[in-house]
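Notes to accompany the following structure.
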Amino acid sequence: MDNMADRVNRSSRSARDSGARPTGDARRDRWRKHRIARRAEFVEAALRALDEHGPDVGMEDVAAAAGVTKPVLYRHFDDKADLYLALGRRGTEMLFARLIPAINAELAPLPRIRMALDAFFSVIEEHPNLYHLLARKSFGDRPVDADVVAEDKQLIATALTALLGDYMRMLNMDSGAAEPWAHGIVGMVQNTGEWWLEKRTMSRDSVVEYLTQIIWAAIDGLTRQHGIVLDPDKPLDANKVVTLKRTPVSPEQTGEPS
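The opening position of the sequence shown corresponds to residue 1 in the UniProt record's numbering, with each subsequent residue numbered one higher.
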């Protein structure tokens, strides 16, 4: 199975950019692009099937949503686990397409935090069944030996550690706190997201605002302990950003024989 960084780095590419390099064989290259496009279409069909049937969706539901038979579906996916991982990659792609620009926005601290939180909550609000499917690590009646949610959580925490560390060093603070802080923030947001998806006792805007205030209060409290007072509505002197390296999707991940 792919390691976490490889999987998420590949997921950050769009389907348009994820094709393998040309081989010099025009016919083979056309076939490869066709298979990549068809596989992407089936993943989108799987998302539609998830919306309709929930996390208990089966391969027959995906095939019906795609307008094909199950044997056709299995020409592009080895098994349920393969489709599950493709859904995981698609989910990560959607999340990072919104989250990374939000985290890197040249905004004041408070609106930057708010924008990043809204990016996460907007994705899970739009695709709650996908999140539930990935969180429970099963597809239909079959467990899957992968934890996409935990992998994404780890990657986000790692990126946030680097971001917080950069700011803490800029402010002449001990950056050793960045890693536990990052994991604490990510864990809080994920747990709150799971609670919110289940209960829906408030609007997305409300839960985002509450979390924004909690996270800012923690940051403000820590900086004040070091004699530093930050204006939550004024951009900081330097805009530190998160950068993720992107690697091509391997032939195995696009259904293309190596």
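For each residue, glycine too, the CB sits at the ideal point set by N, CA and C. This structure is a prediction, so every number in the text was calculated from the model and none was measured.
Which residue from the options puts its Cα closest to that of residue i?
| i | options | result |
| --- | --- | --- |
| TRP216 | ARG39, LEU85, ALA108 | ALA108 |
| ALA177 | VAL186, GLY187, THR161, MET188 | THR161 |
| SER206 | LYS80, SER122, LEU95, ASP56 | SER122 |
| SER203 | MET173, ASP118, ASP145, MET170 | ASP118 |
| LEU211 | LEU230, LEU163, LYS199, VAL186 | VAL186 |
| GLU52 | ARG38, VAL72, ASP166, LEU130 | LEU130 |
| HIS132 | LEU155, VAL68, GLY54, TYR74 | GLY54 |
| MET188 | LYS153, VAL68, LEU134, LYS70 | LYS153 |
| HIS226 | ASN172, GLN213, ILE214, LYS199 | ASN172 |
Work out the CA separation of residue j and residue i for me, nearest whole Å.
| i | j | result |
| --- | --- | --- |
| ASP82 | ALA102 | 30 Å |
| ASN104 | ALA97 | 12 Å |
| GLU106 | ARG112 | 8 Å |
| ASP29 | ALA218 | 53 Å |
| ILE100 | VAL242 | 7 Å |
| ARG35 | LYS240 | 39 Å |
| ASP56 | SER138 | 9 Å |
| PRO232 | THR223 | 12 Å |
| ARG142 | LEU110 | 43 Å |
| MET168 | GLU151 | 26 Å |
| PHE42 | ASP174 | 48 Å |
| ARG39 | ALA49 | 15 Å |
| LEU47 | ASP237 | 42 Å |
| LEU230 | GLU126 | 34 Å |
| MET94 | GLY140 | 22 Å |
| TRP181 | ALA37 | 40 Å |
| LEU163 | ASP220 | 16 Å |
| LEU73 | TRP31 | 16 Å |
| GLN213 | LEU155 | 24 Å |
Can you name, in chain order, every residue of its own chain whose Cβ lies under 6 Å from the Cβ of residue i, other than the five neighbours on each side?
| i | result |
| --- | --- |
| HIS183 | ALA157 |
| ASP78 | none |
| ALA159 | VAL242 |
| ALA135 | VAL149 |
| ARG90 | VAL43 |
Quick check on residue i: buried or exposed, where buried means 16 or more other Cβ atoms within 10 Å of its Cβ?
| i | result |
| --- | --- |
| GLY193 | buried |
| LYS234 | exposed |
| MET59 | buried |
| HIS76 | buried |
| GLN190 | buried |
| VAL148 | buried |
| THR201 | exposed |
| THR92 | buried |
| ALA116 | buried |
| TRP195 | exposed |
| ARG27 | exposed |
| ILE228 | exposed |
| GLY165 | buried |
Cutting at 8 Å between CB atoms, please list the residues of its own chain near residue i, excluding the five before and the five after it.
| i | result |
| --- | --- |
| GLU209 | ARG114 |
| PRO128 | LEU197 |
| ALA146 | MET1, ALA81, TYR84, LEU85, GLY88, LYS137 |
| VAL144 | LYS80, ALA81, TYR84, LEU85, LYS137, SER138 |
| THR69 | ALA63 |
Cutting at 7 Å between CB atoms, please list the residues of its own chain near residue i, excluding the five before and the five after it.
| i | result |
| --- | --- |
| ALA45 | VAL62, ALA65, ALA66 |
| GLU179 | THR161 |
| MET170 | ALA238 |
Confirm the yes/no value for this check: CB of residue i, any heavy atom of the ligand HEM, distance under 8 Å.
| i | result |
| --- | --- |
| GLU209 | The ligand HEM is not part of this structure, which contains no ligands at all. |
Ordered list of beta strand (DSSP E) runs contained in the UniProt domain "HTH tetR-type" (36-95), each at least 3 residues: none
Those runs of the alpha helix (DSSP H) which lie wholly inside the region 141-200 and span at least 4 residues: 148-170, 178-199
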